[in-house]
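Trainee: For the protein sequence lines, the chains are V and L, in the order given. Okay, so the first sequence: first residue is 15 according to the numbering used here, each after it adds one. Okay, so the second sequence: first residue is 15 according to the numbering used here, each after it adds one. Sharing a structure with you now.
There are 2 protein chains.
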Amino acid sequence: MQNRSIEVCLTPALFPYRQLGDALIVVVDVLRATTSICTAFEHGVEAILPVATLEEARAFKQQGYLVAAERDGQVLDFADFGNSAFNFMNNKVKGKTIVYSTTNGTQTIQMAAASGHLVSVGAFSNISALAKFACNWHGNLTVLCSGWKNRFNLEDTVFAGALAQRLIEEGKYQTRDDATQAAVGLWNQAKGDLQGYLLAAEHHERLKKLNLDDVLPYTFTLDTCLSVPVLEDGVLTDYRNRKL
Amino acid sequence: MQNRSIEVCLTPALFPYRQLGDALIVVVDVLRATTSICTAFEHGVEAILPVATLEEARAFKQQGYLVAAERDGQVLDFADFGNSAFNFMNNKVKGKTIVYSTTNGTQTIQMAAASGHLVSVGAFSNISALAKFACNWHGNLTVLCSGWKNRFNLEDTVFAGALAQRLIEEGKYQTRDDATQAAVGLWNQAKGDLQGYLLAAEHHERLKKLNLDDVLPYTFTLDTCLSVPVLEDGVLTDYRNRKL
């Protein structure tokens, strides 16, 4: 089982240069799309349609869908709510299909989907459930960090390192990838005080300015969710529900 | 002086997404172009013409220039020598202009030059001289890592972190850039045993396979050179010589 490889793409701009062509792609946008998606499934959302553009989101709204949409951290006027994980912790969303569009995360999911590989979604909130899913996966694994508008960010990279370290320590994956080694190194610097370490990150400043940092303690808490979102035909559902 | 900013571009693919438009660009390709360029000036080379393509290198050879050229670590058949720093430690190169083309480094220098900003070159070999030069620079600073074919690499990033940490500790620069913070973090993990840390890197494996790793102890030694290569009109010269 040791011959499966893991690599980390630090931003979507580096996705074309990945080396593992045949891989499960785990999309990461810790602040905040992938944390919110894991939370939504944990609270009974049936399905999520990630859409890249606001035009698509608006069109779905006109068809009667619930829409969660933001740009640069701000909820859009036509949307039912924004992308904070807190928005998905209520009965209003239970059993519903939600159309979802954010600054970085949903574009990254669509980019990953266009590669033709199986796509999943990861965050600190579902790390153990996702690690278990990845251990049972038969092939290679690419962690694709959403970053911020194609720039590197710390929180996605630290999560990538946390996931990679688990899979390597489990003996299920190996790596020869410098980005994975760097991510594991950063996770080991951060893990003792994850929130303190990531408080210095660029994106946190951005949320703070918008008064959107109330969700950070939740975001940086491991294993609040058991969901493993998986994309099929453009729709995210919880892998647990499929197995039932 | 504290309002000058530093940022790190982890690979040339991320250069379009840099935030500091008006900046000194320090190009880094520790293995091996920028280490070799610093070494060449330290041993009396007059000027270096970095060229991106092999066709350009071949054309200069036909005009009688000394040519150093490699691809994927292999010296090219028409070249006078390859890009190991050891090739530049002899009297054959003293006072000469050398045409230089490598897999990653020279393309990165040309990309930086095309941005219209002042371009310099850094490696562990000239870190103190370069830091002094950067402290006297009036504007922002972008460290541009060459990586490997647009992929992230550890050795360039660790160098970027070492340089950034010095400039920040000197009180000359500040950063709000996640990539800079990550690079500084990796430098602090690596600095106790730089060569041991970087032995695990992808590119070292590549050099080892080609029996080209004899130069690594020299490459990872700080301050073997006092040169500060600066690009003007497509030609690299040593900044020290300009001031005379």
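Think of the CB as a built atom: it goes at the ideal place given N, C-alpha and C, for glycine as much as any other residue.
Do you know whose CA, among I51/L, A61/L and S19/L, lies nearest T238/L's CA?
Mentor: I51/L
Trainee: According to a CB-to-CB cut-off of less than 7 Å, which residues of the segment 15-30 of chain V neighbour chain L?
Mentor: So the list reads L24, T25, A27 and L28, given in the order they occur along the chain.
Trainee: Are the segment 93-112 of chain V and the segment 46-62 of chain V touching, with three or more C-beta to C-beta distances below 8 Å?
Mentor: Yes, the segment 93-112 of chain V touches the segment 46-62 of chain V.
Trainee: Taking any Cβ of chain V, which residues in the segment 156-171 of chain L have a Cβ under 9 Å from it, in chain order?
Mentor: The segment 156-171 of chain L vs chain V, Cβ under 9 Å: G161, W162, K163, N164, R165, F166, N167, L168, E169 and T171.
Trainee: By the DSSP assignment, the beta strand (DSSP E) with P64/V in it spans what residues?
Mentor: A61 to P64
Trainee: Starting from E56/L, trace the alpha helix (DSSP H) in both directions and tell me its first and last residue.
Mentor: A47 to E56
Trainee: Who are the Cβ neighbours of I182/L in its own chain at under 8 Å, not counting the five residues just before and after it?
Mentor: I20, Q188, T189 and V198
Trainee: Counting only beta-carbon atoms, is G96/L nearer than 8 Å to chain V?
Mentor: no
Trainee: So which residues on chain V does Q195/L lean against when the C-beta distance must stay under 7 Å?
Mentor: L168 and A214
Trainee: Could you tell me which chain V residues have their CB closer than 8 Å to the CB of D191/L, listed as they occur along the chain?
Mentor: E216
Trainee: Is it right to say D192/L is buried, meaning 16 or more other beta carbons lie within 10 angstroms of its own, or is it exposed?
Mentor: buried
Trainee: Which class does G210/L belong to by DSSP, given the choice of helix, strand or coil?
Mentor: helix
Trainee: So, is the C-beta of E69/L closer than 8 Å to a C-beta in chain V?
Mentor: no
Trainee: Would you tell me roughly how many angstroms separate the C-alpha atoms of V22/L and F102/V, rounded to the nearest one?
Mentor: When rounded, the separation of the alpha-carbon atoms in V22/L and F102/V is 36 Å.
Trainee: Closer than 7 Å by beta-carbon distance: list the chain V residues that pair up with G199/L, in chain order.
Mentor: L200 and Q203
Trainee: Spatial neighbours of Q121/L within its chain, please: C-beta separation below 6 Å, excluding the five flanking residues on both sides.
Mentor: A66
Trainee: Could you pull out every unbroken beta strand (DSSP E) segment of at least 3 residues lying fully inside the segment 58-107 of chain L, listed in chain order?
Mentor: 61-64 and 80-85
Trainee: Can you list the residues of chain V that E219/L reaches, using a CB-CB cut of under 9 Å?
Mentor: R190
Trainee: For Y114/L, name the three-state secondary structure that DSSP assigns.
Mentor: Correct three-state label for Y114/L: strand.
Trainee: With a 10 Å radius around its C-beta and 16 neighbouring C-beta atoms as the bar for buried, classify E216/L as buried or exposed.
Mentor: buried
Trainee: Let me make sure I understand the geometry here. Which of N17/V, P26/V, V242/V and E169/V has the alpha-carbon closest to that of I141/V?
Mentor: V242/V
Trainee: Which residues in the same chain as A126/L place their Cβ atom closer than 7 Å to its Cβ, once the five residues preceding and following it in sequence are excluded?
Mentor: The beta carbon of A126/L is closer than 7 Å to those of I39, V41, V133 and L158 in its chain, skipping five residues each way along the sequence.
Trainee: Could you tell me if G161/V is buried or exposed, where buried requires 16 or more neighbouring beta carbons within 10 angstroms of its beta carbon?
Mentor: buried
Trainee: For R165/V, which beta-bridge partners are listed by DSSP?
Mentor: Looking at the DSSP assignment, R165/V forms a beta bridge with W162/V.
Trainee: Find the nearest neighbour of N104/V within the set E56/V, A143/V, P30/V and L144/V, judged by alpha-carbon distance.
Mentor: E56/V
Trainee: Using only alpha-carbon positions, find the residue among K146/L, F100/L, A143/L and Q76/L that is nearest to V113/L.
Mentor: Q76/L
Trainee: Is the beta carbon of L208/L sitting closer than 8 Å to the one on F234/L?
Mentor: For L208/L and F234/L, yes; Cβs fall inside 8 Å.
Trainee: From this set, G136/L, E84/L and L236/L, which residue's C-alpha is nearest L250/L's C-alpha?
Mentor: G136/L
Trainee: DSSP has Q195/V in a bridge; who is on the other side?
Mentor: None; Q195/V has no bridge partner.
Trainee: For A71/L, which option in T53/L, D91/L, D86/L and G87/L has the closest C-alpha, if you only look at C-alpha atoms?
Mentor: Nearest C-alpha to A71/L: D91/L.
Trainee: With 16 as the cutoff for other CB atoms within 10 Å, does A148/L come out buried or exposed?
Mentor: buried
Trainee: Where does the unbroken beta strand (DSSP E) through T251/L begin, and where does it stop?
Mentor: V249 to D252
Trainee: Over the uninterrupted alpha helix (DSSP H) stretch that includes C149/V, give me the two end residues.
Mentor: Taken as a continuous stretch (DSSP letters only), the alpha helix (DSSP H) holding C149/V covers I141 to N150.
Trainee: Tell me, which residues are paired with T122/V by DSSP?
Mentor: Paired residues: none, contrary to the question.
Trainee: Going by DSSP in three states, N202/L sits in which element: helix, strand or coil?
Mentor: helix
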